[in-house]
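Chains A and B are the protein sequences, given in the same order. Heads up, the first sequence is in this note's numbering, so the first residue is 3 and it goes up one at a time. Heads up, the second sequence is in this note's numbering, so the first residue is 929 and it goes up one at a time. We put the beta carbon where it would ideally sit given N, CA and C, even for glycine. Just so we're clear, the structure is a prediction, and the values are computed from it rather than from any experiment.
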Amino acid sequence: MKEITLEATIDNLQQVLAVLEEMLDELRCPTKPRMSLMIAVEELFVNIASYAYAPDTGEATVRFLPIDDAKGIEITFIDSGMQYNPLEKDDPDITLPVEERPIGGLGIYMVKKSMDDVRYEYKNDQNVLKITKLF
Amino acid sequence: MTITKQENGSELTIKLEGRLDTVTAPQLEEELKNSLDGVSELAFDLSSLDYISSAGLRVLLSAQKTMNKQGSMVVRGANDDLMEIFDVTGFVDILNIES
């Protein structure tokens, strides 16, 4: 298990991704799930950095846990910002023509589509979002 | 990410190398803001692009919207990983993607 707690800012995204990459190297994660996980962690951490404490900033914890004899990974994002369940957001209509496509809402949609499981709970005044990906 | 521009009259080709993500997307957005005047054919060469997140997709979508008003846009050289992302997000239907 690896865990990192740091100020949720876009400048700190690289640090979180570095821990993820280290973990995925150890687990010998193949290229395809690696890409999905890099995207998911970027999208979710950037969401926290952009909205959870806006206009201020605050801390976020990201926990990486190997599962199923290292054949997958579970990643938990915890913040103490505004209560927000990103899974309640409507999926963007990806069939709309370009002129009507809203610029946004794609990040969480990509996470939902690419992970095997995504769960949210609000516990002890904290947003806890857990994603699971099997390799 | 490295951005390389090649202009030929009203044709502009932009080659992207590396990662188009939350950190680098604003760089491309800025570059496009200053580059698209008078361009009627825009091409993105993604053959050396390894990664794209929603921040990058947003910039491509916004470029497509701009080019719909003044000409055409094409995306070339995307690898299988990028193609899968274009597929999942429905971008295969709104971008003109050449393999």
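Closer than 7 Å by beta-carbon distance: list the chain B residues that pair up with residue i, in chain order.
{"i": "R103 of chain A", "result": "L989, I1022"}
{"i": "I41 of chain A", "result": "S981"}
{"i": "L8 of chain A", "result": "Within chain B, no residue comes near L8 of chain A; the closest Cβ sits about 16 Å away, beyond 7 Å."}
Would you verify that the beta carbon of residue i is, or is not, closer than 7 Å to some beta carbon of chain A?
{"i": "R1004 of chain B", "result": "no"}
{"i": "D949 of chain B", "result": "yes"}
{"i": "L964 of chain B", "result": "no"}
{"i": "L960 of chain B", "result": "no"}
{"i": "L956 of chain B", "result": "no"}
So residue i contacts chain A; which residues on that side make the cut at Cβ distance below 7 Å?
{"i": "G1018 of chain B", "result": "I96, T97"}
Where does residue i fall in DSSP's three states?
{"i": "G955 of chain B", "result": "Note on residue identity: the sequence assigns Gln, not Gly, to residue 955 of chain B. The answer is helix: DSSP assigns Q955 of chain B an H, G or I state."}
{"i": "Y55 of chain A", "result": "coil"}
{"i": "G946 of chain B", "result": "strand"}
{"i": "K73 of chain A", "result": "coil"}
{"i": "Q128 of chain A", "result": "strand"}
{"i": "K91 of chain A", "result": "coil"}
{"i": "D965 of chain B", "result": "coil"}
{"i": "T33 of chain A", "result": "helix"}
{"i": "I1013 of chain B", "result": "helix"}
{"i": "S981 of chain B", "result": "coil"}
{"i": "R103 of chain A", "result": "coil"}
{"i": "S82 of chain A", "result": "coil"}
{"i": "T932 of chain B", "result": "strand"}
{"i": "D1008 of chain B", "result": "helix"}
{"i": "L136 of chain A", "result": "strand"}
Any beta carbon from chain B within less than 7 Å of residue i's own beta carbon?
{"i": "L19 of chain A", "result": "no"}
{"i": "G109 of chain A", "result": "yes"}
{"i": "K114 of chain A", "result": "no"}
Give me the chain B residues within the contact set of residue i, using Cβ-Cβ distance strictly less than 9 Å, ordered along the chain.
{"i": "K34 of chain A", "result": "D1008, D1009, E1012"}
List, in chain order, every chain B residue whose beta-carbon is nearer than 8 Å to that of residue i.
{"i": "E45 of chain A", "result": "S981, S982"}
{"i": "K125 of chain A", "result": "Under the 8 Å cutoff, chain B gives no residues; its nearest Cβ is about 27 Å from K125 of chain A."}
Next item on the list: Could you tell me whether the stretch 1011-1023 of chain B touches the stretch 71-87 of chain A, where touching means 3 or more Cβ pairs closer than 8 Å?
Entry: no
Checklist line | the stretch 977-986 of chain B contacting the stretch 930-948 of chain B, beta-carbon criterion three pairs below 8 Å | finding: yes
Next item on the list: Check whether the stretch 23-39 of chain A touches the stretch 86-102 of chain A, taking contact to mean three or more Cβ pairs, one atom from each stretch, closer than 8 Å.
Entry: no
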